[in-house]
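A.B. asks: Taken in order, these protein sequences are the chains called P and A.
Position in the first sequence (from 1) plus 2 gives the number in my numbering.
Position in the second sequence (from 1) plus 8 gives the number in my numbering.
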Amino acid sequence: MLDVSNGGGESDAILSVRSVAKSFGGVQAVKEVSLDVERGSIFSIIGPNGAGKTSLVNMISGFYKADQGSITFDGTELIGKRPSQIAEQGIARTFQNIALFHGLTVLDNLMLGRHVRMKSGILSSILYWGAAQKEEVEHRKRAEEIIDFLRITDLRRMTTGELAYGLQKRVELGRALALDPTLLLLDEPMAGMNQEEKEDMVRYVLDVNAEFGTTIVLIEHDMGVVMDISDHIVVLDQGEKIADGTPDVVKADPAVIRAYLGASHLQD
Amino acid sequence: MFYRESGEYKTDYKRDMTLYALPISRFSVGLMVLLFFVAAPLLLGEYQLTLLSLVAIAVVGALGLNILVGYAGQLSIGHAAFMSVGAYTAANLVTKLDMPFLLTLPAGGLMAAAIGLVVGIPSLRIKGIYLAIATLAAQFIIEWIINHSPSISGGVQASIEIDRPTILGWKLDQAVELYMFLVTIAAIAIVCTQNLIRSRIGRAFIAIRDQDIAAEIIGISVFKYKLYAFGISSFYAGVTGVLYTYYLGIASYEQFTLVVSIDYLAMIIIGGLGSILGSVLGAFFITLLPIGIRLFMENVGSLFLEPEALASIISQMRLIVFGSLIIIFLIMEPEGLNRLWINIRNYFRVWPFSY
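1) Do Ile2 of chain P and Leu220 of chain P have their CB atoms nearer than 8 Å?
2) If distances are taken between C-alpha atoms only, which option among P:Thr78, P:Val22, P:Glu222 and P:Val207 comes closest to Asp189 of chain P?
3) Please go through the same chain and pick out, in chain order, the residues whose beta-carbon is closer than 7 Å to the beta-carbon of Leu348 of chain A, but skip the five residues on each side of it.
4) Is it true that the region 176 to 185 of chain A meets the region 264 to 280 of chain A, where meeting means three or more beta-carbon pairs spaced less than 8 Å apart?
5) According to DSSP, is Thr174 of chain A part of a helix, a strand, or is it coil?
6) So that I know if they touch, is there some Cβ in chain A lying closer than 8 Å to that of His223 of chain P?
7) Helix, strand or coil, according to DSSP, for Ile350 of chain A in the structure here?
8) If we cut at 8 Å on Cβ distances, does Tyr21 of chain A have a partner in chain P?
9) Output the distance between the C-alpha atoms of Ala142 of chain A and Leu263 of chain P, rounded to the nearest integer angstrom.
10) Give the interface partners of Met25 of chain A over in chain P, defined as CB-CB distance under 9 Å, in chain order.
11) My assumption, with CB atoms under 8 Å, is that Ile240 of chain A sits in contact with Leu71 of chain A. Please give the rounded CB distance.
12) Could you spell out the range, first to last residue, of the beta strand (DSSP E) harbouring Gly52 of chain P?
13) Given Leu4 of chain P, which residues of its chain have a CB within under 6 Å of its CB, disregarding the five upstream and five downstream residues?
14) Distance, Cα to Cα, Ala1 of chain P vs Gly71 of chain P?
15) Going straight from the alpha carbon of Leu190 of chain A to that of Leu60 of chain A, what length do you get?
16) Who are the Cβ neighbours of Pro298 of chain A in its own chain at under 8 Å, not counting the five residues just before and after it?
17) List, in order along the chain, the chain P residues whose C-beta lies closer than 7 Å to that of Ser207 of chain A?
18) Hey, quick one: how far does the alpha helix (DSSP H) through Arg211 of chain A stretch, first residue to last?
19) Please classify Tyr17 of chain A as buried or exposed, where buried requires at least 16 neighbouring CB atoms within 10 angstroms.
20) CB-CB under 8 Å to Leu27 of chain A, same chain, minus the five flanking residues each way: which ones, in chain order?
21) Roughly how many angstroms lie between the CA atoms of Val6 of chain P and His234 of chain P, to the nearest whole one?
22) Can you give me the start and stop residues for the alpha helix (DSSP H) that Thr74 of chain P sits inside?
23) Along chain A, in chain order, which residues have C-beta atoms closer than 9 Å to that of Arg95 of chain P?
24) Flag Leu114 of chain P as yes if its beta-carbon sits less than 8 Å from any beta-carbon of chain A, otherwise no.
25) Whose Cβ in chain P lies nearer than 8 Å to the Cβ of Tyr236 of chain A?
26) Starting from the beta carbon of Ala101 of chain P, find every residue of chain A whose beta carbon is closer than 7 Å, and list them in chain order.
27) Starting from Arg153 of chain P, trace the beta strand (DSSP E) both ways and give me its first and last residue.
28) Mapping DSSP to helix, strand and coil, what is Val29 of chain P?
29) Using a cut-off of 9 Å between C-beta atoms, extract the partners of Ala68 of chain P located in chain A.
30) If you follow the beta strand (DSSP E) that Lys243 of chain P is part of, which residue opens it and which one closes it?
31) Taking 8 Å as the limit between beta carbons, can you name the residues of its chain near Ser310 of chain A, skipping five residues before and five after?
32) Within 8 Å, do at least three Cβ pairs link the region 83 to 99 of chain A to the region 260 to 273 of chain A?
33) Under a three-way DSSP split, which group does Leu80 of chain P fall into?
34) Of the residues that make up the region 30 to 53 of chain P, which ones have a beta carbon closer than 7 Å to any beta carbon in chain C?
35) Look at Phe75 of chain P and Leu129 of chain P and say whether their C-beta atoms are less than 8 Å apart.
36) Any C-beta of chain A within less than 8 Å: which residues of the region 145 to 171 of chain P qualify?
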């Protein structure tokens, strides 16, 4: 297992965010946030609603362009790159509200997740002969491995629109995994799930981290889950970073308690 | 009973991913080949073969439009303009450079694809109905340019006459020869489209249609693939235009007006958006509809109407039936003839049980 020590993770940071800011009109969604995600860790971003968590993840995945600062992934600057180029670097993500391709089967959704790993162009696709066919079959193998991993073998031929909410979330995780990412951004993967589905999802997140060695950045509101599985936590409030450390450190931080529960709880 | 997939086990992915994986689908493909390549030319007369030739040409165009509208989700109502680009490219190459048919066919397609790429550029910024208006503008601009440049359109009538196509010395001057050739092209177009849709590129098209933001995030360059869709679709349209020109023996802009664009949209709407079978069924339906109406009116209508009244009604009937059919389909079966077929198939799949 990975030995994750707190503090000074800069030596092996896979993702470094340096004084990144983003404003929408007059609203400063993210203010000068810096953080380092250690390679192979489970890194959680928490905070009350509107704290800027999703905005931060959107900047990492290139969906928003940061106003200032820098985001480096494995030494490569990400700001200014298009989302598709960032995906090619090996960064995959899931969405807060499911964004599957509902017209396609589970299998095709996963194959789409492998898009950047495949090469065939228009002509070879049209002919579907030789290299293109070989490539499709090869990548199908990997997609099937992920289907096995997530235990959705019986759903592979179903279109994703037909699936229950919890399963859709799982397929979306599968689509992200199909990219063989080195960094996986999960935006509230357990939102709206019941206890059992949540436990399953936590298991998958832990397994992905342990088996594939994927670094995971997690946004989640369920504090129980976050405190249990995170190696490192950053707390945002109104766009600012108010705490940064291991679960125990963050839990005891007065600024965090103030943000979540209000100042009066500190006096008790 | 007819469509059984149980008992068919695949032991590797390659065999699972073939185009016609079930015995029943291989059987139906064989049947279709027999029907259209052997039975039709032997049994049908010249007139019927001419009609089927028209259908074959429409199939190519409908497939192309369905790639763009049905699969990639980019609305275009300027498709006839791309056909005219193909048509005039081929006609000019034949008359000025005396190029053989086997060269003018792809040349017309490529030229249309190039123009299609340019027209597709706005699709990066605008979507849906706004893109439709942009393509409508393209329809009028291209029509105007062709009409007003004698070097393209060949003079006052804006039409260029050409000879019947010749393939490696074999002149296709009989209806049956032309039919065989056109139906082969249509078959090739169908298989190519099937391959395109089930592979990497086609999946990316569908991804853009369903969720363009998620598509970009998982690494599909949305702009690039929208342009691909426009390019491929226009290539099909260009080929359609070339075939149509050779079929008529004349390239004329009147064959590629806005009404034709709407006809092709009607084909894929009635046939089924995002469906290959739907494109084919739609092409059959819309091409043969006017003939069906005329036959019906001549046989049934003549019982009630005078011959002169009948003649004027027939020409109006087409528009009335056409309009009402589109409305009926949009309300009753938005997924078109293809969905009707799937419903029938699913019924027989478990017959005699209900599920």
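Even for Gly, the Cβ is constructed at its ideal location relative to N, Cα and C.
No experiment lies behind these values; they were computed from the predicted model shown.
C.D. replies: Concretely, from the data shown:
1) Missing from the structure shown is residue 2 of chain P; chain P here goes from 3 to 270 and no further.
2) P:Glu222
3) Contacts found: Glu341.
4) no
5) strand
6) no
7) helix
8) yes
9) 54 Å
10) Gln135, Glu138, Val139 and Arg142
11) Not confirmed; about 10 Å, so no contact.
12) Where Gly52 of chain P is concerned, there is no enclosing beta strand (DSSP E), given that its DSSP letter is neither H nor E.
13) Annotation note: pLDDT 45 at Leu4 of chain P (below 50); position unreliable, coordinate value reported separately. So the qualifying residues of the chain are Gly42.
14) This structure leaves residue 1 of chain P out entirely; chain P is present only between 3 and 270.
15) 9 Å
16) Arg326
17) Ser122, Ser127, Tyr130, Ala134 and Glu138
18) Note, Arg211 of chain A: alpha helix (DSSP H), Arg208 to Asp218.
19) It is exposed - the Cβ of Tyr17 of chain A has fewer than 16 other Cβ atoms within 10 Å.
20) Val199, Gln202, Asn203 and Arg206.
21) Caution is warranted here: a pLDDT of 44 is assigned to Val6 of chain P, below 50, making its placement in the model unreliable, and no coordinate value can be reported.
22) Here Thr74 of chain P belongs to no alpha helix (DSSP H); instead the beta strand (DSSP E) covers Gln70 to Phe75.
23) Under the 9 Å cutoff, chain A gives Ile225 and Ile226.
24) True, the Cβ-Cβ gap to chain A drops below 8 Å.
25) Ile124
26) Gln219, Ile221 and Ala222
27) Where Arg153 of chain P is concerned, there is no enclosing beta strand (DSSP E), given that its DSSP letter is neither H nor E.
28) strand
29) The contacting residues do not exist; Ala68 of chain P stays about 16 Å from chain A at best.
30) Glu242 to Gly247
31) Leu318
32) yes
33) coil
34) Given the protein chain composition of this structure (P and A), no chain C is represented.
35) no
36) Answer set for the region 145 to 171 of chain P: Glu146.
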